[in-house]
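A.B. asks:
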Amino acid sequence: MWQIGNVPDFPFKNNVPDPLLSGKELPTFKFALEQSRGKVDGGSFGKEATVEELPISKGIAGVSMRLEPGVTRELHWHATAAEWAFVLEGRVRTTLVDPSGGSEINDFDSGDVWYFPRGHPHSLSCLGDKPCHFILIFDNGYFSEFGTFSITDWLGHAAKPLLATNFGLPAATFAGFPGAEACFVHGPVPPETAVPLQGALSSPPQTHRYRLLAQEPHSVHKFGCEWRVDAGRFPISQTMTGVILDLDPGGLRELHWHPNADEWQYVIGGRFSVTLFGSHGRYRIETLDKGDVAYIPQGYGHSIENIGGARGRLLIGLNTGAYQAIDLSQWIAGVPPYLLADHFGKPQEVFEAFPKRRAFIAPPDGTGQRDIK
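Sequential numbering of the sequence shown, starting at 1348, is according to the working numbering.
1. Between the C-alpha atoms of residue 1696 and residue 1685, what's the straight-line distance to the nearest angstrom?
2. Ignore the nearest five residues each way along the sequence and tell me which others in residue 1706's own chain have a CB closer than 6 Å to its CB.
3. First and last residue of the beta strand (DSSP E) that includes residue 1653?
4. Given a cut-off of 8 Å on the beta-carbon distance, is the pair residue 1483 and residue 1439 in contact?
5. Three or more C-beta pairs closer than 8 Å, one from the region 1399-1409 and one from the region 1430-1438: is that the case here?
6. How many Å lie between residue 1588 and residue 1418 at the Cα?
7. Count the other CB atoms, across all protein chains shown, that sit within 10 Å of the CB of residue 1689; report buried if there are 16 or more and exposed otherwise.
8. Can you give the beta carbon distance from residue 1648 to residue 1624, rounded, assuming they're within the 8 Å contact cut?
9. Quick check: what's the CA-CA separation for residue 1582 versus residue 1608?
10. Please report the distance separating the alpha-carbon of residue 1703 from that of residue 1639.
11. If you measure between the beta carbons of residue 1658 and residue 1593, is that distance less than 8 Å?
12. State the DSSP-derived secondary structure class of residue 1511, mapped to helix, strand or coil.
13. Count Cβ pairs between the region 1556-1567 and the region 1487-1503 that sit closer than 8 Å; are there 3 or more?
14. Quick check: the region 1448-1458 against the region 1550-1561, are at least 3 beta-carbon pairs closer than 8 Å?
15. Terminal residues of the continuous alpha helix (DSSP H) containing residue 1698?
16. Hey, residue 1415 and residue 1389 are a contact pair by Cβ (cut 8 Å); roughly how many whole angstroms apart?
17. With distances taken from CA atoms, which of 1668, 1656, 1641 is nearest residue 1488?
18. Could you give the DSSP three-state label for residue 1503: helix, strand or coil?
19. Would you tell me roughly how many angstroms separate the C-alpha atoms of residue 1354 and residue 1426, rounded to the nearest one?
20. Below 8 Å on the Cβ atoms is my contact criterion, and I expect residue 1666 with residue 1540 to pass it. Report the Cβ-Cβ distance as a whole number of Å.
21. Do you know whose CA, among 1508, 1525, 1523, 1628, lies nearest residue 1517's CA?
22. Alpha carbon to alpha carbon, what distance is there between residue 1552 and residue 1378?
23. Confirm, please, whether the CB-CB distance from residue 1708 to residue 1635 is below 8 Å.
24. Is the distance from the Cβ of residue 1615 to the Cβ of residue 1662 below 8 Å?
25. At what residue ranges does the region 1655-1683 contain a whole run of the beta strand (DSSP E), taking only runs of 3 or more?
26. Taking just the CA atoms, how far does residue 1521 sit from residue 1513?
27. Per DSSP, what are the beta-bridge partners of residue 1432 in this structure?
28. Is the beta carbon of residue 1646 closer than 8 Å to that of residue 1604?
29. For residue 1622, which of helix, strand or coil comes out of DSSP?
30. If we call anything under 8 Å between Cβ atoms a contact, is residue 1721 one with residue 1364?
31. Starting from residue 1441, trace the beta strand (DSSP E) both ways and give me its first and last residue.
32. When you compare each of 1494, 1368, 1519, 1515 to residue 1529 by their alpha carbons, which one comes out closest?
33. What's the C-alpha gap between residue 1535 and residue 1472?
34. Quick check on the DSSP output: the beta strand (DSSP E) that includes residue 1453 runs from which residue to which?
35. CB residue 1393 to CB residue 1410, shorter than 8 Å?
36. Measuring straight from C-alpha to C-alpha, what distance separates residue 1444 and residue 1450?
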């Protein structure tokens, strides 16, 4: 699968109806990512969810990638999307060069996050003697991981005299270079300690690494907790916010919506019921298991409930660096009870009994809850 079209048009962001979301029924918003084939190289693979696999997901694409020891996702850049990643297992080493000439080498462990702005060249290598597994999230649903701009592909197609002139080297230097994109590069396991680059290629002013699960949770509740990182805590991540949401059995991330972003969900573990409200009586429920993904369009009401027998965990990505959400309990609490009574034809006392603040994770009894940071 290759790059799909040019820079995508998001009609729903410009008040022009999206044909897929304008029908009498809501389309599916679920895709079994880990059950898909993807691109396989031995024990390494990349499996993607773009608008090709999940047509509703126009604002965000995602990839599940596994690398074996000694395997590198080759040097490349993304012309039409920024990359946000969360490490599930193992260790990963990244290299990156930015437009100012800054260079950074970082090592990532499970629970860590990286963000690479659009167009910044980078590589991803498995570090150590065990495989690594990570989830990549892109702020463009039309983006395809297998349509990136790769260094072997470029040098393999440029004329050798042109390369010789460019680098000031004999043309024979480039004899035998691969003639096609490598994608997965095989070599020795990288050294445990990376040698820092010297000279003009100094470290960039903003790091590309954030240790998400090494932080205290953003909020803790009786039935779950949440880690969240946006541009306020991770300044380089200007177009993406990442969330890890843990829910106990019966825990509910309450009915809510995001005014400024689409939402992409990946089930790390557990079983969840996700609802989607699309106005005009349109309502859809999907059940997500480990390895499944879901997509919620900007402004659409939704909820997430753990329907499994053990604590479950989701990775959530939003295509904005400034997190915003409005919860249903928060809305109800901010409206006079008499107005709600008029809407629903019930006594005012019914709505006076509703929570006076947002539930966020329900049941909203408040027991064991810490204030949201």
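We put the CB at the ideal spot given by N, CA and C, even for glycine.
A quick note: this is a predicted structure, and the numbers were derived from the prediction, not measured.
C.D. replies: A quick look at the data gives this:
1. 9 Å
2. Around residue 1706: 1601, 1676.
3. 1648-1653
4. no
5. no
6. 28 Å
7. exposed
8. 4 Å
9. 18 Å
10. 35 Å
11. yes
12. helix
13. Under the 8 Å Cβ criterion, the region 1556-1567 does not count as touching the region 1487-1503, having fewer than three qualifying pairs.
14. Taking 8 Å as the limit for Cβ pairs, the verdict is that the region 1448-1458 does touch the region 1550-1561.
15. 1695-1699
16. 6 Å
17. In terms of CA proximity to residue 1488, 1641 leads the group 1668, 1656, 1641.
18. In this structure, residue 1503 counts as helix in the three-state DSSP scheme.
19. Low confidence applies to residue 1354: its pLDDT is 42, below 50, so where it sits in the model is not reliable enough to give any reading.
20. So it is not a contact: roughly 35 Å between Cβ atoms.
21. 1508
22. 38 Å
23. no
24. yes
25. 1659-1665
26. 12 Å
27. 1461, 1483
28. yes
29. strand
30. Not covered by the structure: residue 1721. The range shown for the chain is 1348 to 1720.
31. 1438-1444 is the extent of the beta strand (DSSP E) around residue 1441.
32. 1494
33. 11 Å
34. 1450-1455
35. yes
36. Each residue's CA atom was taken as its position, placing residue 1444 and residue 1450 some 4 Å apart.
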